[in-house]
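**Q** Before we start, here is the structure in question, set down as structure tokens.
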Amino acid sequence: MALYCGIDLHSNNHVIVINDENDKTVFSKRIANDISLSLECLRPFQKQLVGVAIESTFNWYWLVDGLVENGFNMLLVNTAAVKQYEGLKYSDDFKDAFHLAHLMRLGILPTGYIYPKEQRAVRDMLRRRMQLVQ
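Heads up: the sequence shown begins at 1 in the UniProt record's numbering, then just goes up one per residue.
Okay, structure coming up:
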């Protein structure tokens, strides 16, 4: 059975939601930002996971790098391209993570490029320069 994982990442914690092929949640948990805790949650499902989707927030490097180094297929979500919950008045972290997994299952998750570690410093510096001169 194929499984799909969405992670809603924050500054000090993240929410992991894993859905099956019918969008039934088989695992969900909020944990502290610690790669060992993330691996502890994801490893039992690793062979069945199609991918792990995470939003490209300001602090994604450590989590993506840690999971890639442990053999997970990571998808960096282009948050600007995700239309989420139009018409709904309420959302929470678990629903956000569920939504990422759902979009991945449907094959319509907008993703971005995960730059190699060696190129990130230059990219970040160029982005910062562009912000300063605009």
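Glycine is no exception: its CB is placed at the ideal position from the N, C-alpha and C atoms.
Can you check whether the CB of Y61 is closer than 9 Å to the CB of K117?
**A** Here residue 117 corresponds to residue number 117 of the sequence shown, with the count starting at 1. Here residue 61 corresponds to residue number 61 of the sequence shown, with the count starting at 1. The answer is yes: Cβ separation under 9 Å.
**Q** State yes or no: is the C-beta of I7 within less than 9 Å of the C-beta of A80?
**A** On the sequence shown, residue 7 is found 7 positions in, with the first residue counted as 1. On the sequence shown, residue 80 is found 80 positions in, with the first residue counted as 1. No, these two residues do not count as a Cβ contact at 9 Å.
**Q** Among L42, P44, V77 and F45, which residue has its Cα nearest to the Cα of F58?
**A** The count along the sequence shown starts at 1 and reaches residue 58 at position 58. Here the closest residue by C-alpha is V77.
**Q** Starting from A53 and walking both ways along the beta strand (DSSP E), at which residues does that stretch end?
**A** Numbered from its first residue, the sequence shown carries residue 53 at position 53. Note, A53: beta strand (DSSP E), L49 to E55.
**Q** Report yes if the C-beta distance between L67 and L42 is below 9 Å; otherwise report no.
**A** For the purposes of this step, residue 67 is taken as residue 67 along the sequence shown, with counting starting at 1. For the purposes of this step, residue 42 is taken as residue 42 along the sequence shown, with counting starting at 1. Their beta carbons are under 9 Å apart, which means L67 touches L42 by this criterion.
**Q** Identify every residue that forms a DSSP beta bridge with F45.
**A** Numbered from its first residue, the sequence shown carries residue 45 at position 45. According to DSSP, F45 bridges with nothing at all.
**Q** At what residues does the beta strand (DSSP E) containing H10 begin and finish?
**A** Translated into the one-based positions of the sequence shown, residue 10 becomes position 10. No beta strand (DSSP E) holds H10; DSSP gives it neither H nor E.
**Q** Output needed for P44: all residues of its chain with C-beta closer than 7 Å, excluding positions within five of it in sequence on either side, in chain order.
**A** On the sequence shown, position 44 is the one that residue 44 refers to. No residues qualify anywhere along the chain.
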